[in-house]
Ligand code: GDP
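Residue numbers (this note's numbering): 3 to 532.
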């Protein structure tokens, strides 16, 4: 099989949104088009069945948030689509950011009744930094929305991205009648179906077509023709290059719950997004079609299936062809590793994968030394540095109230540290053996506690620590130089898991004060070497 053909078929993307904007619903409808799910509703149904498949998922159900990222692969219209689900809650942003390093495009779902919300803005920023193409789905058009022109304006003003509406809504709220496709000049009429269970029927015609015209009242007709004129007069044409560079976002209006506008968005996305692109590494450029296999691990997850106590490392294939049983080099350790247990994942089910191509995500089971950010390759010169690091803002001591369970407590904690769920710090000159945990957000601690208990049977007790700011010191500072530092009241010296010195401060003000009083010890938001 020609690798170029396989690569050209691949589209790897994630959906980003503020919680409740409709990401899960949209995912479910996309799968419907992929023929992967017969009836809409099964992803959300799975949301409720999860307790029976994994205890850990129960937390998701209870909190109504999505913790784990799922990789879904399906075929549609000649394409092989890899859809990476991202957790939406702000405390899981670190995990989400890592997932975003493994995609070639994103679909941003916005609740058209609310406009751009805080989490969308943050996630968008990450995508923009990486220059990822962004497609926008204005969801919930079956309910009253903000003015469509105001929504476009918001994209430009708040996110600073050009917006090109590919289709345009006709009517609003209870009077939502459908969308006008600005490329084909066709109208897709919206018809409500019970519970949005089936593919929504659509009829197509021109706006001036009498069949369409008679369905629209005078006011709606005048409004939409005026808006379309305004867009036309603004004179923007669809700029493919600007879309691929992440500078302009194509905008689609619809309603995921009613499966309306979803196919238009999916078709538009496939048409205007790109197949996997080359990656820049230290030694130059790695093209997807080059024969040397390479990829990087962007996520590690343990105990996805309580029946198998295992650990899956998710790898994004970037170049060459993956074949089961192939031997690769694990760049960080320089060791040769045979990849025999590789899986494709569909939600919680897994299937052995024999081959994979750039753009694909594979789950590798049972390699305990694989870590987040690691490169696997057949060419030692290729080393990816794709995974961003974030500065923790929440700190907590984790007590083990049951000494008899110390072994389970420690084993579970080590696993969570390896997965990157939380980090561990050691206070300088402290004899206490209580682990000090650091995370981007406090909910990560709750997840850690929940997992310790449900997966390792280890209870724990959190004791919130008083710091909110962590900064790294230059790694070369010697013991006596560290001791000579003037620490503001309430701050503490500590070491991260790589033994780099850090300072914990109660607030930014305190960190600024430290900077002024210790001019020889500049602070950094990131660990040395990142
Ligand atoms: P997520 O948190 O972004 O994954 O959001 P969900 O897909 O779980 O949706 C949040 C809520 O919005 C659910 O109650 C959905 O039924 C509802 N919803 C999703 N899409 C639409 C839509 O197009 N119209 C309306 N009215 N509700 C929707």
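Positions of the beta carbon are idealized from the N, C-alpha and C atoms, including for glycine.
{"Check": "What residue ranges within the segment 174 to 237 form continuous beta strand (DSSP E) runs of no fewer than 3 residues, ordered along the chain?", "Outcome": "180 to 183 and 188 to 191"}
{"Check": "Could you tell me which of 301, 178 and 319 sits nearest to residue 263, measuring between CA atoms?", "Outcome": "178"}
{"Check": "Taking just the CA atoms, how far does residue 159 sit from residue 120?", "Outcome": "14 Å"}
{"Check": "Considering only their Cβ atoms, is the gap separating residue 451 from residue 400 smaller than 9 Å?", "Outcome": "yes"}
{"Check": "Below 9 Å between beta carbons: does that hold for residue 251 and residue 137?", "Outcome": "yes"}
{"Check": "Can you find the residues in the same chain that come closer than 6 Å, C-beta to C-beta, to residue 66, ignoring five residues on each side of it along the sequence?", "Outcome": "In this prediction, residue 66 scores a pLDDT of 44, lower than 50, which makes its location untrustworthy; no coordinate-derived value is stated."}
{"Check": "Compare the C-alpha of residue 334 against each of 325, 321 and 387 and name the closest.", "Outcome": "387"}
{"Check": "Taking only the alpha-carbon atoms, compute the straight-line gap between residue 301 and residue 398 and give it to the nearest angstrom.", "Outcome": "24 Å"}
{"Check": "Starting from the C-beta of residue 54, find all residues in its chain whose C-beta is less than 6 Å away, skip the five residues before and the five after it, and write them out in chain order.", "Outcome": "Its pLDDT being 29, under 50, residue 54 is placed unreliably in this model, and the value from its coordinates should be taken loosely. Counting only Cβ-Cβ distances below 6 Å, and skipping sequence neighbours, we find nothing."}
{"Check": "Between 427, 432, 448 and 447, which has its C-alpha nearest residue 438's C-alpha?", "Outcome": "427"}
{"Check": "Spell out a yes or no on whether the segment 136 to 153 and the segment 247 to 261 are touching, meaning 3 or more CB-CB pairs, one atom from each, closer than 8 Å.", "Outcome": "yes"}
{"Check": "Within 10 Å of its beta-carbon, does residue 435 have 16 or more other beta-carbons around it, so buried, or fewer, so exposed?", "Outcome": "exposed"}
{"Check": "What's the call for residue 469, buried or exposed, on a 16-neighbour Cβ count within 10 Å?", "Outcome": "buried"}
{"Check": "Tell me which same chain residues have a C-beta within less than 7 Å of the C-beta of residue 47, skipping the five on either side of it?", "Outcome": "Legend: pLDDT at residue 47 = 42, less than 50; position of this residue unreliable, value from coordinates given subsequently. Nothing listed; no residue qualifies."}
{"Check": "Please report how far the alpha carbon of residue 446 lies from the alpha carbon of residue 304, in whole angstroms.", "Outcome": "15 Å"}
{"Check": "Do residue 208 and ligand 1 come close, with the Cβ less than 8 Å from some heavy atom?", "Outcome": "no"}
{"Check": "Straight-line CA distance for residue 49 to residue 24?", "Outcome": "Note on residue 49: pLDDT 43, under 50, position unreliable in the model; the coordinate value appears next. Taking the straight line joining both Cα atoms gives about 14 Å."}
{"Check": "Does the segment 463 to 481 come into contact with the segment 505 to 521, if we say contact requires no fewer than three beta-carbon pairs (one atom in each stretch) closer than 8 Å?", "Outcome": "yes"}
{"Check": "How big is the Cα-Cα spacing for residue 326 and residue 343?", "Outcome": "7 Å"}
{"Check": "Near residue 529, what residues of its chain come up, given a Cβ to Cβ distance below 6 Å and the 5 sequence neighbours on each side ignored?", "Outcome": "474 and 502"}
{"Check": "Please state the DSSP three-state secondary structure of residue 465.", "Outcome": "strand"}
{"Check": "With a threshold of 8 Å, establish whether the CB of residue 98 neighbours any heavy atom of ligand 1.", "Outcome": "no"}
{"Check": "Note the first and the last residue of the continuous alpha helix (DSSP H) segment covering residue 449.", "Outcome": "445 to 458"}
{"Check": "Between the Cα of residue 527 and those of 482, 485 and 476, spot the shortest distance and give me the residue it belongs to.", "Outcome": "476"}
{"Check": "Quick one: Cα of residue 81 to Cα of residue 111, how far?", "Outcome": "22 Å"}
{"Check": "Under the three-state reduction of DSSP, which class applies to residue 247: helix, strand or coil?", "Outcome": "coil"}
{"Check": "Out of 337, 498, 271 and 380, which has the shortest C-alpha to C-alpha gap to residue 139?", "Outcome": "271"}
{"Check": "Can at least three beta-carbon pairs, one atom from the segment 162 to 169 and one from the segment 181 to 188, be found at a separation below 8 Å?", "Outcome": "yes"}
{"Check": "Are the CB atoms of residue 497 and residue 407 nearer to each other than 9 Å?", "Outcome": "no"}
{"Check": "Considering residue 130, what are the terminal residues of the alpha helix (DSSP H) in which it resides?", "Outcome": "120 to 131"}
{"Check": "Please tell me whether, using a cut-off of 8 Å, the distance from the CB of residue 256 to the nearest non-hydrogen atom of ligand 1 is below it.", "Outcome": "yes"}
{"Check": "If you draw a straight line from the alpha carbon of residue 414 to that of residue 366, how long is it in whole angstroms?", "Outcome": "20 Å"}
{"Check": "Quick check: what's the CA-CA separation for residue 229 versus residue 149?", "Outcome": "11 Å"}
{"Check": "Whose CA, out of 404, 411, 10 and 322, lies closest to the CA of residue 294?", "Outcome": "322"}
{"Check": "If you measure between the beta carbons of residue 207 and residue 226, is that distance less than 9 Å?", "Outcome": "no"}
{"Check": "Can you tell me whether residue 354 is buried or exposed, with buried defined as 16 or more other CB within 10 angstroms of its CB?", "Outcome": "exposed"}
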